[in-house]
Structure formats: structure tokens, C-alpha cells
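Chemist:
Residue numbers (my numbering): 145 to 562.
Here is the structure:
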């Protein structure tokens, strides 16, 4: 068994507490401490009328510009001025008369007339009999902090004003955007139509519409601009305008009568949009679109899906069918060679156009609602009217996500052959 050498503890220097020092040395140390303190320190005589100052330290002289000779023998109220708050002055007076502690912030004035914010702490000092003999005052210059707080308040007021303007502008923009959406029950020839658009924020990147060109042709589309907010909504409003019949981009005719109009083919419309809106890497924005024209005489629906989820065809009495048609999103490539498809429809058949935000609604596990559940749900809703079925679908999506709002715009447009 080896013996461990015991290391000798190094002797620490003895700690000499203040009370262990000779009395005169204690006084000198306390005096040096008060004198050297960076804060302003004052002592007032509580046994004399008007509580005159009997001591001020160098910190007080530096803070106020007044010397000890000028201040001792007078009440400290000489620091007050025209803009000192009367309520705060009264609070100080009351605390001193009641012989209790007091902490306030008051606007005081230096000897040269310069104002400064003073954090004043007043504490009574008691003798052995419990009588208040003195008041000690600690003064701290908090002007910089008060100015910073005032600047912050002013900034907050300005930000609130700016936010109010932005909110008003966003509400106005949302109304303009909503004005481009179809009527709640658009009047169509031989067709029923219904739609739902739920933006994830005040302004949507999704948009949709129905345009009845005449008794024969009706245009349907749903588009999804990448991103959210103002930038996405501006592009969606622009596209809604371009795709309106008034611009002549979706219909042509020379007879001057609505029934003389002929629908421009989906391929022509998409090629035009592809030329006008090439992908811009600077803003990294593009859009997908499903655009179709229904011929109500032949019950044929011609459409193009450009980077968009496939339309869902729900024929009467048959299983739903997704109309897969792969194409590039609009503007991604210079010559996309868009492929067009046609669906022959019959009375009672339904067609649904929707955005990816609908099928990508996720539950708490991160699982998407998906196309298969969408088809199952819309097939179940065949017994409902087209108009009542879509709110039921949205309710089902909220149940799936467990939330009232969605993380992406959700839009769906359906029509039925009567």
C-alpha cells in the first residue's frame, strides 16, 4: 500500500472585514467610497427645517455642475425647473414628509440650464432610537435611456401608422382581387358551376374564373402563381384581366354579337401567355394554369394543364378519372409545345379544376390529403348539389389538417353538364 503525500494547503491571506478595522479607518474608507462613487450621492439633514444638504460627492458635482460649497445648506429642489413634473415633485415631498423610501425619475436641470433625466432614490437613515436623522439621495443620469425610449415610442407610432396604411391598402387590393372572381352563381347555358378560393394570407396567389362567351362556349380556368402576398397577387390580378373576354385573348369574332364569338383554343391562349411571361430569375416567379373551353353543344371540354394538377373528371355513375396531361409551367421554357386534351362529357358529368394547395393540405403527421382522397371525397359528394358539395370538401380538409387555416392557397372550380 503506497502512502499518498498530503499536500499542504496554501495559506490564504486573512480577510479583514470592515468592522474589524479601526474606527477611524472605517470612516476614511466609507468617505473615500462615497467620494469616488460615479453616481451622485447627497446626504440631507432630516432634523433641520427644509432638509438642507450637508454632503454631496464628486459624482453629484460632475452630474449637476454645482459645487459642494454652492449646494450644502440648501434643499435639493434647486435642481427642479419649469418642465419638472409637479406630480413627481409632490411624490418626493410626500415621501420625505412621511419618512419613507422613494424612487422616481424626474426632469432636473444642471447649473448651465441643460435639462437631464434624473433617477432619484431617497432613503431615510435611522439612529439607534429609530429616529430619522438623515436622507441619502442617489442620483443617476438616465437621459440617454429616456431619449432611446422616446425614440422607440415615436418609431412605434410611425410603424403603427405605416401598418395601418398597409392594412388598408391590402384590404383594398383584396377587394380588387375578389372583384375578378366569378359571381357566386354565374349564369351559364346548360351548365352548373361552383367554386371555392381560400387564400392562406390576405392576398392570394391563386385565382380562378368562369367566362360565358356565348350560348355555346364557356371558359374555365384555375391558376396558381408561385409565392404569396402582394407580388403573387399582382400577377394573378394581371392574368385575370388578360384572360377576360374584354381583352380579346380568349375569344374572337367580327359580327358584333355575342353568339358570333368563337373561343380561342387553349393552345393559342397558353402560347400567348408563355411569350408574355417568360420566367424571370430576378424575381423567381412563375405560374401554373389549367385552362379549358367547354363546347355546350357538343359537350366537349378542351383543356391544357400547364404544370398544374390534373383536372378530375367525375362521370355520372362511373368512377372518377384524373386527366393527366404533363406540360411545363408557363414561361419556364421558350417553346413548351403544350399538349391539349379533350374530354367528351354527358349530362350529369362533373369536372373539377383545383390548385396543388388543396391536395397538399397536410395532417399532423405531415401526410398530404392527396389526389386519391380528393377523388373519393368528390365521388361521395355526387349525391350533393355541386354548390353544397364544395363547402363539405373544405370542411373535410380542415378536419384532415386539424386547423382552420391552410398553409397555401386552396382553390377549386367545378362544373356540371345539366
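Where a beta carbon is used, it is the ideal one built from N, C-alpha and C, also for glycine.
Determine the DSSP secondary structure at residue 227, reduced to helix, strand or coil.
Modeler: Coil, per DSSP.
Chemist: Let's see if you can read the secondary structure: which residues bound the alpha helix (DSSP H) around residue 355?
Modeler: Where residue 355 is concerned, there is no enclosing alpha helix (DSSP H), although the beta strand (DSSP E) it sits in stretches over 350-356.
Chemist: Expressed to the nearest angstrom, what Euclidean distance is found between the alpha-carbon atoms of residue 249 and residue 286?
Modeler: Spanning the two alpha carbons is a distance of roughly 8 Å.
Chemist: With residue 449 as the anchor, note down where its beta strand (DSSP E) starts and where it stops.
Modeler: From DSSP, the beta strand (DSSP E) with residue 449 extends over 444-450.
Chemist: Can you round the beta-carbon distance between residue 501 and residue 359 to whole angstroms, since I take them to be within the 8 Å contact cut?
Modeler: In fact, because the Cβ distance is near 34 Å, the residues do not count as touching under 8 Å.
Chemist: Identify, in the order they occur along the chain, each residue of the same chain with its Cβ nearer than 7 Å to the Cβ of residue 181, setting aside the five sequence neighbours on each side.
Modeler: Contacts found: 201, 203.
Chemist: Residue range of the beta strand (DSSP E) that residue 503 falls in?
Modeler: Residue 503 -> not in any beta strand (DSSP E); alpha helix (DSSP H) instead, spanning 500-503.
Chemist: What residue does the beta strand (DSSP E) around residue 279 start on, and which one ends it?
Modeler: 276-285 is the span of the beta strand (DSSP E), which, as asked, contains residue 279.
Chemist: DSSP state of residue 147, grouped into three classes?
Modeler: At residue 147 the pLDDT is 48, less than 50, meaning the model places this residue with poor confidence; the figure from the coordinates comes in the next sentence. Coil.
Chemist: Ignore the nearest five residues each way along the sequence and tell me which others in residue 426's own chain have a CB closer than 8 Å to its CB.
Modeler: Taken in chain order, the list of residues that qualify is empty.
Chemist: Could you check what DSSP says for residue 556 in three-state terms: helix, strand or coil?
Modeler: Looking at residue 556 - three-state DSSP - the assignment turns out to be strand.
Chemist: Please report how far the alpha carbon of residue 543 lies from the alpha carbon of residue 290, in whole angstroms.
Modeler: Approximately 51 Å, taken between the alpha carbons.
Chemist: Roughly how many angstroms lie between the CA atoms of residue 400 and residue 531, to the nearest whole one?
Modeler: With a pLDDT of 45 at residue 400, under the threshold of 50, the predicted position of this residue should be treated as unreliable, and no value is reported.
Chemist: Kindly indicate the opening and closing residues of the alpha helix (DSSP H) around residue 517.
Modeler: Segment 514-524, the alpha helix (DSSP H) holding residue 517.
Chemist: Just to confirm my understanding: we take residue 491, look at its own chain, exclude 5 residues before and 5 after, and list those with CB closer than 6 Å. What are they?
Modeler: Closer than 6 Å at Cβ, skipping near neighbours: 561.
Chemist: Could you tell me the alpha carbon to alpha carbon distance between residue 177 and residue 308, rounded to whole angstroms?
Modeler: One C-alpha to the other measures close to 54 Å.
Chemist: Rounding to the nearest angstrom, what Cα-Cα distance links residue 398 and residue 450 in this structure?
Modeler: In this prediction, residue 398 scores a pLDDT of 41, lower than 50, which makes its location untrustworthy; the coordinate-derived value is nonetheless stated afterwards. Rounded to the nearest angstrom, the two C-alpha atoms are 30 Å apart.
Chemist: Quick one: which unbroken beta strand (DSSP E) runs of 3-plus residues sit fully inside the stretch 363-449? Chain order, please.
Modeler: You should have 431-439.
Chemist: Which whole runs of the beta strand (DSSP E) in the stretch 166-214 are 3 residues long or more, in chain order?
Modeler: List check, beta strand (DSSP E) in window: 184-189, 197-200.
Chemist: Considering residue 265, what are the terminal residues of the beta strand (DSSP E) in which it resides?
Modeler: Run containing residue 265: 259-270, per the beta strand (DSSP E) assignment.
Chemist: If you run the structure through DSSP and keep just helix, strand and coil, what is residue 469?
Modeler: In this structure, residue 469 counts as coil in the three-state DSSP scheme.
Chemist: Taking all protein chains shown into account, do 16 or more other C-beta atoms lie within 10 angstroms of the C-beta of residue 527, making it buried, or fewer, making it exposed?
Modeler: With fewer than 16 Cβ atoms within 10 Å of its Cβ, residue 527 is classed as exposed.
Chemist: Going by DSSP, what residues sit across from residue 491 in a beta bridge?
Modeler: Its beta-bridge partners do not exist; DSSP assigns none.
Chemist: Are the CB atoms of residue 411 and residue 466 within a distance shorter than 7 Å?
Modeler: Result no, Cβ atoms of residue 466 and residue 411 do not sit closer than 7 Å.
Chemist: If you reduce the DSSP assignment to three classes, tell me which class residue 246 lands in.
Modeler: The answer is strand: DSSP assigns residue 246 an E or B state.
Chemist: Once you ignore the five residues that flank residue 160 on each side, which residues in its own chain have a CB closer than 7 Å to its CB?
Modeler: The pLDDT assigned to residue 160 is 45, lower than 50, so where the model puts this residue is not dependable; a value taken from the coordinates is nonetheless given after this. None.
Chemist: On the DSSP letters alone, give me the boundaries of the beta strand (DSSP E) that residue 476 sits inside.
Modeler: From DSSP, residue 476 is part of no beta strand (DSSP E); its letter is neither H nor E.
Chemist: What are the boundary residues of the alpha helix (DSSP H) that residue 341 is part of?
Modeler: Unbroken run through residue 341 is the beta strand (DSSP E), 335-342; no alpha helix (DSSP H).
Chemist: So, helix, strand or coil for residue 486, using DSSP?
Modeler: Three-state DSSP puts residue 486 in a strand.
Chemist: Alpha carbons only, please: which of 434, 352, 335 is nearest the one belonging to residue 341?
Modeler: If we check each option's Cα against that of residue 341, 352 comes out closest.
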